[in-house]
Structure formats: structure tokens, C-alpha cells
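Asker: First, the structure itself, so that you have it in front of you.
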Amino acid sequence: MLNAYIYDGLRSPIGRHAGELASVRPDDLAAAVLQKLLEKTGVPGAAIEDVILGDTNQGGEDSRNVARNALLIAGLPVTVPGQTVNRLCASGLGAVIDSARAITCGEGDLYIAGGVESMSRAPFVMGKAETAYSRDAKIYDTTIGSRFPNKKLIAQYGGHSMPETGDNVAVEFGITREQADLFAAQSQAKYQTAKQDGFFTGEITPIEVFQGKKLPPKLVSEDEHSRPSSTVEALTKLKPLFEGGVVTAGNASGINDGAAALLIGFETRAQNMA
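Following UniProt numbering, the numbering of the sequence shown begins with 1 at its first residue and continues without gaps.
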């Protein structure tokens with residue numbers, strides 16, 4: 001069996017919900033990263049066996065198979081297939097694992113794996129009427145959670161949101177509010193140190209954001225999620241999202257927009273390309 005190796009990779013900046021990248025469609029966001037990755041590596045698009053991208057929503061502008069749509073927008077040949085995988089928060093990692101597995105099995109030489117999401121552009125959706133002339137139209141927000149939750153599943157496992165689940169996990173494992181705030185503050189501090197040390201240099205490719213016909217595109221080149229002012233003292237002043245809980249807007253993971261892609265190949269091919 002062959003060994004799979006990551007040859008190179010790029011990502012967009014990580015945007016906040018309704019932030020700098022909110023106006024960019026997810027397929028355009030992924031396409032920009034794919035295009036820049038091929039330009040950076042000099043690999044011809046026709047050499048790619050498959051493009052596998054993780055994506056959670058898929059029901060809006062993700063257009064069911066965002067990997068295939070994005071690779072075509074990026075200019076790859078129509079002969080290159082695209083596959084979208086969904087393991088929710090682990091979708092991008094699942095795409096990387098699938099690509100590496102395919103290489104070890106000898107199914108191809110070069111794969112592009114990664115993920116994309118635009119939570120800002122997740123649509124509101126309406127279910128179909130159950131009966132003719134029904135006037136019971138329900139609207140669902142697809143940003144987080146199930147689109148159309150199954151009552152049987154809710155009855156068996158509950159329908160808690162991610163913050164509520166965070167509180168449940170904190171209770172189960174004895175995580176205190178102080179520990180959660182300390183971890184969040186340390187995480188922010190580590191990010192700032194990494195940024196100052198140039199850790200992200202060459203990893204982020206700027207994304208062009210349309211500003212109107214009379215203005216040039218705006219280049220977004222830095223992550224939006226960092227909060228340099230985060231301290232334990234500041235975080236302790238925030239109210240929990242749910243009464244008695246430990247999860248706050250300061251110590252919880254945000255809802256983000258962004259895309260990333262890795263070029264993965266087996267050892268001999270990667271050495272030749274280097």
C-alpha cells in the first residue's frame with residue numbers, strides 16, 4: 001500500500017458570521033482557494049484524480065455538490081470529478097481522510113481535499129405542505145441545527161443546540177466556568193503569538209470581495225475571529241447563553257465562513273514535484 005502525503009495547502013481567511021466574507025458564495029469561496037492552490041503548486045488541473053470537499057449545509061448556494069461546482073468555477077477540466085462529504089463539523093477532516101485512503105489503495109495519484117462553509121449565507125427554508133391548500137407553512141433557519149428535525153429523534157435524543165450541548169458536556173465532565181474562560185483566553189493568546197511569529201504566512205490566500213461596480217474588489221487577507229483583548233477578567237463578565245451554564249459568547253466557538261484545500265499525493269509523486 002502507498003503512503004499518502006500532504007504536498008501543499010492553502011486556506012481563505014476565517015470570516016465571522018455576517019462578516020467580511022458574507023457576500024461571497026460558498027462555491028466561489030472554494031473555487032478561489034482551489035485556483036490559488038493550483039497556481040501555487042504549478043500542478044495542472046487535469047492531473048487531479050478527484051476533488052473532495054467537506055460541507056455541512058449543502059442545501060443553499062452550496063448546490064448539493066459544492067466540490068464539483070467549485071472545481072468547474074476554478075477552471076479545472078470537466079473530466080475532473082468532485083465529491084462533497086458531510087460529517088458536520090468534521091466534514092473537511094473526513095474529506096482529507098477519504099483522499100488519503102484512496103491514495104493508499106492505489107486509486108489515484110493526486111487529490112485535492114478540504115472544506116468550505118458560509119454560515120452567513122445559509123438560507124431560510126420552508127417545508128412542503130402536508131395537505132392540499134394547507135396554510136401551515138413553517139420556516140426553518142439552516143445556519144445551525146437540523147433543517148427539519150424528526151420528532152422521533154428529538155423524543156429519543158433531544159434537540160439541544162451546540163451551546164446547550166456544550167453545557168451538557170461541561171456538567172458531565174465537571175468543567176467549570178472558570179476553566180472554560182481560562183481555556184478561551186489561552187487559545188486567543190496562542191493565536192496572537194502564532195500570528196506575530198509569522199506562523200500563518202503563506203497559509204492564507206486573500207479573497208476578493210465585490211464592493212460594487214464603481215469600486216475595486218476588497219481583499220480580505222486576515223482572520224476575523226481573533227480577539228486580542230480577550231482576558232480571563234474580560235471573559236468572566238459575560239453572561240452565559242443559558243441560565244446556569246458555562247458557555248458564553250466569549251468561550252464558545254463561533255459560526256464562521258471560510259474554505260481550505262490540501263493537495264495530497266503519494267510519496268514518489270510528491271518527491272518528484274518538489
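Even for Gly, the Cβ is constructed at its ideal location relative to N, Cα and C.
#1: Going by CA-CA distance only, name the one from 131, 179 and 30 that's closest to residue 62.
#2: May I ask you to verify whether the segment 141–148 touches the segment 83–90, counting CB pairs closer than 8 Å and requiring at least 3?
#3: By Cβ distance below 7 Å, which residues in the same chain neighbour residue 65 in space, the five residues on each side in sequence not counted?
#4: Per DSSP, what are the beta-bridge partners of residue 278 in this structure?
#5: Helix, strand or coil for residue 237? Go by DSSP, reduced to three states.
#6: Classify residue 38 as buried or exposed, calling it buried when 16 or more other Cβ atoms lie within 10 Å of its own Cβ.
#7: Just to confirm the assignment: which complete alpha helix (DSSP H) runs, minimum length 4, are found wholly within the segment 127–177?
#8: Beta strand (DSSP E) containing residue 50: first to last residue?
#9: If distances are taken between C-alpha atoms only, which option among 76, 57 and 22 comes closest to residue 47?
#10: Write down the C-beta distance between residue 255 and residue 11 rounded to the nearest angstrom, noting that I regard them as a contact closer than 8 Å.
#11: According to the Cβ coordinates, are residue 224 and residue 49 closer than 8 Å?
#12: Determine the direct distance from the alpha carbon of residue 106 to that of residue 1, and round the result to whole angstroms.
#13: I'd like the list of long-range same chain contacts for residue 163, defined as Cβ closer than 8 Å, with 5 residues on each side in sequence excluded.
#14: What runs of the beta strand (DSSP E), each 3 residues or longer, lie entirely inside the segment 11–99?
#15: Let me check understanding here. Comparing Cα to Cα, which of 239, 231 and 200 lies closest to residue 221?
#16: Can you check DSSP and say which residues form a bridge with residue 5?
#17: Just curious, the beta strand (DSSP E) that residue 215 is in, first and last residue?
#18: Nearest-angstrom Cα distance between residue 215 and residue 74?
#19: Would the beta-carbon of residue 100 fall within 8 Å of that of residue 54?
#20: Under 8 Å, with one C-beta from each stretch per pair, do the segment 164–173 and the segment 182–191 reach the 3-pair mark?
#21: Just to confirm before moving on: does the CB-CB distance between residue 97 and residue 266 stay below 8 Å?
Answerer: Answer, in terms of the structure:
#1: Here the question's residue 62 lines up with position 62 in the sequence shown. Nearest option by C-alpha distance: 30.
#2: Taking 8 Å as the limit for Cβ pairs, the verdict is that the segment 83–90 does not touch the segment 141–148.
#3: The residue given as residue 65 occupies position 65 in the sequence shown. Excluding its 5 nearest sequence neighbours in each direction, residue 65 has C-beta neighbours in its own chain below 7 Å: 82 and 84, listed in chain order.
#4: Because the chain is modelled from 1 through 274, residue 278 falls outside the range shown and cannot be assessed.
#5: Counted from its first residue, the sequence shown places residue 237 at position 237. When secondary structure is reduced to three states using DSSP, residue 237 falls in the coil class, being assigned neither helix nor strand.
#6: Reading the sequence shown from its first residue, position 38 is the one you call residue 38. With 16 or more neighbouring CB atoms inside 10 Å of its own CB, residue 38 falls in the buried class.
#7: Complete alpha helix (DSSP H) runs here, min 4: 151–157 and 162–173.
#8: Position 50 of the sequence shown, counted from the first residue, corresponds to residue 50. Looking at the DSSP string, the run of the beta strand (DSSP E) that includes residue 50 is 50–54.
#9: The residue you call residue 47 lines up with position 47 of the sequence shown. Residue 76 is the option with its Cα nearest to residue 47.
#10: If you number the sequence shown from 1, residue 255 lands on position 255. If you number the sequence shown from 1, residue 11 lands on position 11. At roughly 17 Å, the Cβ-Cβ gap does not stay under 8 Å, so residue 255 and residue 11 are not in contact.
#11: Translated into positions along the sequence shown, residue 224 becomes position 224. Translated into positions along the sequence shown, residue 49 becomes position 49. Here residue 224 is not near residue 49, since their CB atoms are 8 Å or more apart.
#12: By one-based count along the sequence shown, residue 1 stands at place 1. By one-based count along the sequence shown, residue 106 stands at place 106. Linking residue 1 to residue 106 through their CA atoms gives a straight-line distance of about 7 Å.
#13: If you number the sequence shown from 1, residue 163 lands on position 163. Within the same chain, residue 163 has close Cβ partners 241, 242, 245, 247 and 252.
#14: Runs found: 50–54 and 82–85.
#15: Taking the first residue of the sequence shown as 1, we reach residue 221 at position 221. Comparing alpha-carbon positions, the option among 239, 231 and 200 lying closest to residue 221 turns out to be 200.
#16: Numbered from its first residue, the sequence shown carries residue 5 at position 5. Residue 5 is bridged to 265.
#17: Here residue 215 is taken as the residue at index 215 of the sequence shown, counted from 1. Residue 215 -> no beta strand (DSSP E), and no H or E assigned at all.
#18: Here residue 215 corresponds to residue number 215 of the sequence shown, with the count starting at 1. Here residue 74 corresponds to residue number 74 of the sequence shown, with the count starting at 1. Distance between the alpha carbons of residue 215 and residue 74: 24 Å.
#19: For this step, residue 100 is matched to residue 100 along the sequence shown. For this step, residue 54 is matched to residue 54 along the sequence shown. Contact: no.
#20: Not touching, per the Cβ criterion.
#21: By one-based count along the sequence shown, residue 97 stands at place 97. By one-based count along the sequence shown, residue 266 stands at place 266. The answer is no: Cβ separation not under 8 Å.
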